[in-house]
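UniProt numbering applies: residue 1 is where the sequence shown begins, and numbers increase by one.
Using N, Cα and C, we set each Cβ at its ideal position, and we do this for glycine too.
Right, one structure below, let's go through it.
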Amino acid sequence: MQYNDLLKITRELTALYVEDDRPVQMINRLEKIFKTVILAEDGNEGYEKYRQNNVDLVLTDYLMPEVNGLQLIKNIRAQDRKTPIILITGFIDSEFLIDAINQGVTQFVTKPIIVAHLLNAIEIAVSQVVMENLAQKTQQQELELLRYREKYHFTQQEMAFLKELRIIKNDFNLKRIDTINDDDNACSLWYIDIHYMPLDILSGDSYSVRELGTGEVIVFIIDAMGKGLSASVTSILTTSFVNHLIDGAIEKGGFDFSEFLRLYTDFIAKELLSEEIVCASFIYIDFNQHKMHTSMYSMPPVLVMKQDGQLLQIKSNNLPIMKYSMSRVIDTHDMTDFTKILICSDGLSESWCDNDPILYHEYLLRDFMVADFKDDLYKCFNKHVKTPGDDVTFIFLNKFDYKDCSSDTIVINSTLDDVQDATCKVERYLQQLHVNEGCSALFISALSEIIMNAYEHGSLDLDLQLKQELTSQGTYESYLMEKQKNTDKKIMVDLNIIHGRSGLHPQTPEPADFLMATVTDEGKGFDVSNLSTLNVDNHLLCGRGIKVAKNTSDVLLYNRAGNQAVLIKTLIKD
Numbered sequence: 001m002q003y004n005d006l007l008k009i010t011r012e013l014t015a016l017y018v019e020d021d022r023p024v025q026m027i028n029r030l031e032k033i034f035k036t037v038i039l040a041e042d043g044n045e046g047y048e049k050y051r052q053n054n055v056d057l058v059l060t061d062y063l064m065p066e067v068n069g070l071q072l073i074k075n076i077r078a079q080d081r082k083t084p085i086i087l088i089t090g091f092i093d094s095e096f097l098i099d100a101i102n103q104g105v106t107q108f109v110t111k112p113i114i115v116a117h118l119l120n121a122i123e124i125a126v127s128q129v130v131m132e133n134l135a136q137k138t139q140q141q142e143l144e145l146l147r148y149r150e151k152y153h154f155t156q157q158e159m160a161f162l163k164e165l166r167i168i169k170n171d172f173n174l175k176r177i178d179t180i181n182d183d184d185n186a187c188s189l190w191y192i193d194i195h196y197m198p199l200d201i202l203s204g205d206s207y208s209v210r211e212l213g214t215g216e217v218i219v220f221i222i223d224a225m226g227k228g229l230s231a232s233v234t235s236i237l238t239t240s241f242v243n244h245l246i247d248g249a250i251e252k253g254g255f256d257f258s259e260f261l262r263l264y265t266d267f268i269a270k271e272l273l274s275e276e277i278v279c280a281s282f283i284y285i286d287f288n289q290h291k292m293h294t295s296m297y298s299m300p301p302v303l304v305m306k307q308d309g310q311l312l313q314i315k316s317n318n319l320p321i322m323k324y325s326m327s328r329v330i331d332t333h334d335m336t337d338f339t340k341i342l343i344c345s346d347g348l349s350e351s352w353c354d355n356d357p358i359l360y361h362e363y364l365l366r367d368f369m370v371a372d373f374k375d376d377l378y379k380c381f382n383k384h385v386k387t388p389g390d391d392v393t394f395i396f397l398n399k400f401d402y403k404d405c406s407s408d409t410i411v412i413n414s415t416l417d418d419v420q421d422a423t424c425k426v427e428r429y430l431q432q433l434h435v436n437e438g439c440s441a442l443f444i445s446a447l448s449e450i451i452m453n454a455y456e457h458g459s460l461d462l463d464l465q466l467k468q469e470l471t472s473q474g475t476y477e478s479y480l481m482e483k484q485k486n487t488d489k490k491i492m493v494d495l496n497i498i499h500g501r502s503g504l505h506p507q508t509p510e511p512a513d514f515l516m517a518t519v520t521d522e523g524k525g526f527d528v529s530n531l532s533t534l535n536v537d538n539h540l541l542c543g544r545g546i547k548v549a550k551n552t553s554d555v556l557l558y559n560r561a562g563n564q565a566v567l568i569k570t571l572i573k574d
């Protein structure tokens, strides 16, 4: 290495020079070579200055009072094996040199010092520093590149997952299933709830729940072969195309289940690899005619609970969808006495239990029988399976009958005083039933929010944007007091106690009873589908009432018009 090239490196380094004689010529030469030269007179001082400074190279004499050069090197090497050390000595016997090498000396310079030998030793020593710094810098750059790639890939996966969630559709989010037979005296309702838990950001499971018309619903779950990106592409492609077919059928005003299956299976077969398969459940339900049509392709059985407590397992009636083999068998079931339905992917039934060498399927039937809500079933599943090995998707349909249930009705005038008084009436009603204090508090909290929404948005026609403006201006309450003077609209609250189903399996616990409140206002209603995108961030007041009601009850549903809400909560008595 040329001297000028060496200087380009050493002028960025700090050297510690330990020498009791401190030869001026040597010090001057070192100061021309290094950016900084730190001086010390013996091993003790040298070690202290080494500890106090960020030293790149140590040059030390051997013979010094109190602590000699080898002792200094030993002290440094006890905590630092990397910093290069040049030992300046007049001793050249082999035993001394071996001892010095064992202590960790990088280079030797013999006395009297020859400049060329000194520069050569410095060059070799600093080359080690440069190589280590370069390796460290390269490693750091590789780590930064890896972090960037991971961040980029994670961002891309997140965007893809958000796209997948956009493609997935649920027309019954917070919405009850209306039928053409419904009227003001309807005494039963069906609702749908969904659990979707992908194993990875991109998954092979997908689903949608679509409303074809009043009382007509199609539910499907797709489970593409494999995991990760390949499976996700197939599931997203399927969901997107199936929803496209359904949208077209809705626009035309007619749905042919058989033709729908033909169009989909013909389409997806062209896109599959020769060894790839797709498992799927397509369930078309006509609540008006009490019929359920199933076309299932190598999926777990659909579980059905009947009114008499009998458990029905509807098994797959088709092989998995493959590129060169296809069947489209449809079975029809009378669902007049159906009370619960579970449609799931194999991630639910075929997950291994944590504490038992068995699949969760061994517990699933009983857990389904005792579960009243989707969350009940998931809690049972999570008790046995903490970390599923596959995507877990299930759709839970439940029917509540309240024809022969005890009831009470509260009519509320559209004033703040009446709204607050109604809450007190509900509280007294629950006290008469000896409802547990905690259960009562949660139910009243949810009901109060829904009644207040009916008062604000139904009776007074207050929109979300105006409410936010009034709240920020501090004129919200005065606006309500003035606005309520000009309305005679009423709010109806019907309270019911729904008794649990009798005739269940003898091994299952006693069926629970439920509190049910139906809140109906005389307003124009709203588009319930907007609740899917309603901003319920903590810093916004608008929309938080619905979030509170949903979180403090088991079920919150609106009718199609949006002017009637139903709250259901499991009844717990003292």
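>> Please report the straight-line C-alpha distance between residue 506 and residue 234, rounded to a whole angstrom.
In response: Position 506 of the sequence shown holds residue 506. Position 234 of the sequence shown holds residue 234. Only weak support exists for where residue 506 lies, its pLDDT of 45 falling under 50; the coordinates are left without a value.
> Can you tell me whether DSSP reads residue 504 as helix, strand or coil?
Replying inline: As a first step, residue 504 is located in the sequence shown; it is residue number 504 there, counting from the start. A caution first: residue 504 carries a pLDDT of 45, below 50, which makes its placement in the model unreliable, though a value can still be read off. Here residue 504 sits in coil by DSSP.
> Exposed or buried, what is residue 412 when buried is set at 16 or more other beta-carbons lying within 10 Å of its beta-carbon?
Replying inline: Along the sequence shown, read from residue 1 onward, the residue named residue 412 stands at position 412. With 16 or more other Cβ atoms within 10 Å, it is buried.
> Just the Cα atoms here: how many angstroms apart are residue 518 and residue 150?
Replying inline: Taking the first residue of the sequence shown as position 1, residue 518 is located at position 518. Taking the first residue of the sequence shown as position 1, residue 150 is located at position 150. Roughly 50 Å between the two C-alpha positions.
> Using CA coordinates, which residue listed in 96, 571, 133, 320 is at the minimum distance from residue 329?
Replying inline: One-based indexing of the sequence shown puts residue 329 at position 329. Among 96, 571, 133, 320, the Cα nearest to that of residue 329 is on 320.
>> Within a Cβ cutoff of 7 Å, which residues of the same chain sit near residue 527, ignoring the five residues on either side of it in sequence?
In response: Position 527 of the sequence shown holds residue 527. Contacts found: 562.
>> Would residue 29 and residue 118 be called neighbours here (beta carbons separated by less than 9 Å)?
In response: Counting from 1 along the sequence shown, the entry for residue 29 is found at position 29. Counting from 1 along the sequence shown, the entry for residue 118 is found at position 118. Yes, Cβ-Cβ distance for residue 29 and residue 118 is below 9 Å.
> Is it true that the CB of residue 274 sits closer than 9 Å to the CB of residue 295?
Replying inline: The residue given as residue 295 occupies position 295 in the sequence shown. The residue given as residue 274 occupies position 274 in the sequence shown. Going by C-beta atoms, residue 295 is not nearer than 9 Å to residue 274.
> Who does residue 398 pair with in a DSSP beta bridge?
Replying inline: Reading the sequence shown from its first residue, position 398 is the one you call residue 398. Looking at the DSSP assignment, residue 398 forms a beta bridge with 191, 340.
> Hey, residue 423 and residue 196: beta-carbon distance below 9 Å or not?
Replying inline: Numbered from 1 along the sequence shown, position 423 holds the residue referred to as residue 423. Numbered from 1 along the sequence shown, position 196 holds the residue referred to as residue 196. Taking 9 Å as the Cβ cut-off, residue 423 and residue 196 do not qualify as a contacting pair.
> DSSP on residue 29, reduced to helix/strand/coil?
Replying inline: As a position in the sequence shown, residue 29 is number 29, starting the count at 1. Helix.
>> In this structure, how does DSSP classify residue 619 when only helix, strand and coil are distinguished?
In response: Residue 619 cannot be examined here, being either before or after the span of the chain that is shown, 1 to 574.
> Of the choices 395, 140, 268, 336, whose alpha-carbon is the least far from that of residue 286?
Replying inline: Locating residue 286 in the sequence shown gives position 286, counting from the first residue. Nearest C-alpha to residue 286: 336.
> Given that a residue counts as buried once 16 or more other Cβ atoms are within 10 Å of its Cβ, and exposed if not, what is residue 143?
Replying inline: Numbered from its first residue, the sequence shown carries residue 143 at position 143. With fewer than 16 Cβ atoms within 10 Å of its Cβ, residue 143 is classed as exposed.
> What's the gap between the Cα of residue 82 and the Cα of residue 54?
Replying inline: Position 82 of the sequence shown, counting from 1, holds the residue named residue 82. Position 54 of the sequence shown, counting from 1, holds the residue named residue 54. So the alpha carbons of these two residues sit roughly 13 Å apart.
> What's the C-alpha gap between residue 57 and residue 50?
Replying inline: Locating residue 57 in the sequence shown gives position 57, where the first residue counts as 1. Locating residue 50 in the sequence shown gives position 50, where the first residue counts as 1. Near 10 Å, if we compare the C-alpha coordinates of residue 50 and residue 57.
>> I need the straight-line Cα distance from residue 567 to residue 191, nearest angstrom please.
In response: The residue labelled residue 567 in the question sits at position 567 within the sequence shown. The residue labelled residue 191 in the question sits at position 191 within the sequence shown. Between residue 567 and residue 191, the C-alpha separation is close to 12 Å.
> In chain order, what residues of the same chain lie with their CB nearer than 8 Å to the CB of residue 11, ignoring the 5 residues before and after it?
Replying inline: Within the sequence shown, residue 11 is the residue found at index 11, counting from 1. Same-chain partners within the cutoff: 33, 34, 35.
> When burial is assigned at 16 or more other CB atoms within 10 Å of the CB, is residue 530 buried or exposed?
Replying inline: Within the sequence shown, numbered from 1, the residue matching residue 530 stands at position 530. So residue 530 counts as exposed.
> Taking buried to mean at least 16 other C-beta atoms within 10 Å of its own C-beta, is residue 210 buried or exposed?
Replying inline: Residue mapping note: residue 210 aligns to position 210 of the sequence shown, counting from 1. The residue is buried, with at least 16 neighbouring Cβ atoms inside 10 Å.
> If you count every other CB in all the chains shown that lies within 10 Å of the CB of residue 171, and 16 or more means buried, which is it?
Replying inline: Counting from one through the sequence shown, the residue named residue 171 turns up at place 171. It counts as buried.
> Does the stretch 88-97 come close enough to the stretch 60-74 that 3 or more CB-CB pairs lie under 8 Å?
Replying inline: yes
> In this structure, does DSSP put residue 464 in helix, strand or coil?
Replying inline: Locating residue 464 in the sequence shown gives position 464, counting from the first residue. In the structure shown, residue 464 sits in a helix (DSSP, three-state: H, G or I).
> Which two residues bound the contiguous beta strand (DSSP E) that contains residue 333?
Replying inline: What you label residue 333 is simply residue 333 of the sequence shown in a count that begins at 1. Element bounds for residue 333: 331-334.
>> Based on DSSP bridge pairs, tell me the residues matched to residue 496.
In response: Locating residue 496 in the sequence shown gives position 496, where the first residue counts as 1. As DSSP reads the structure, residue 496 sits in a beta bridge with 407, 516.
>> On a Cα-Cα basis, can you pick out the residue from 499, 258, 314, 208 that is closest to residue 220?
In response: The sequence position of residue 220 within the sequence shown is 220, counting from 1. It is 208.
> Based on Cα-Cα distance, which residue from 213, 347, 386 lies nearest to residue 356?
Replying inline: Counting from one through the sequence shown, the residue named residue 356 turns up at place 356. Checking every option, the nearest Cα to that of residue 356 belongs to 386.
>> For the beta strand (DSSP E) containing residue 347, name the first residue and the last one.
In response: What you label residue 347 is simply residue 347 of the sequence shown in a count that begins at 1. No beta strand (DSSP E) contains residue 347, which is instead part of the alpha helix (DSSP H) from 346-349.
> So the beta strand (DSSP E) residue 282 belongs to, where does it begin and stop?
Replying inline: For the purposes of this step, residue 282 is identified with residue 282 of the sequence shown, where counting begins at 1. Element bounds for residue 282: 277-286.
> Out of 217, 344, 464, which has the shortest C-alpha to C-alpha gap to residue 257?
Replying inline: Indexing the sequence shown from 1 puts residue 257 at position 257. Taking only the C-alpha atoms, the option nearest residue 257 is 217.
>> Tell me the DSSP secondary structure of residue 522 in three-state form.
In response: For the purposes of this step, residue 522 is taken as residue 522 along the sequence shown, with counting starting at 1. Coil at residue 522, not helix or strand.
> Would you call residue 126 buried or exposed, if buried means 16 or more other Cβ atoms sit within 10 Å of its Cβ?
Replying inline: In the sequence shown, residue 126 corresponds to position 126, counting from 1. Burial call: buried.
> What are the start and end residues of the beta strand (DSSP E) that includes residue 203?
Replying inline: Looking up residue 203 in the sequence shown gives position 203. From DSSP, residue 203 is part of no beta strand (DSSP E); its letter is neither H nor E.
>> With the cut-off set at 9 Å, would you say residue 307 and residue 267 are in Cβ contact?
In response: Position 307 of the sequence shown, counted from the first residue, corresponds to residue 307. Position 267 of the sequence shown, counted from the first residue, corresponds to residue 267. Cβ atoms of residue 307 and residue 267: not closer than 9 Å.
> At what residue ranges does the stretch 78-153 contain a whole run of the alpha helix (DSSP H), taking only runs of 4 or more?
Replying inline: 94-103
> Given a threshold of 16 other Cβ atoms within 10 Å of its Cβ, counted over all protein chains shown, does residue 176 qualify as buried or as exposed?
Replying inline: Position 176 of the sequence shown holds residue 176. So residue 176 ends up on the buried side.
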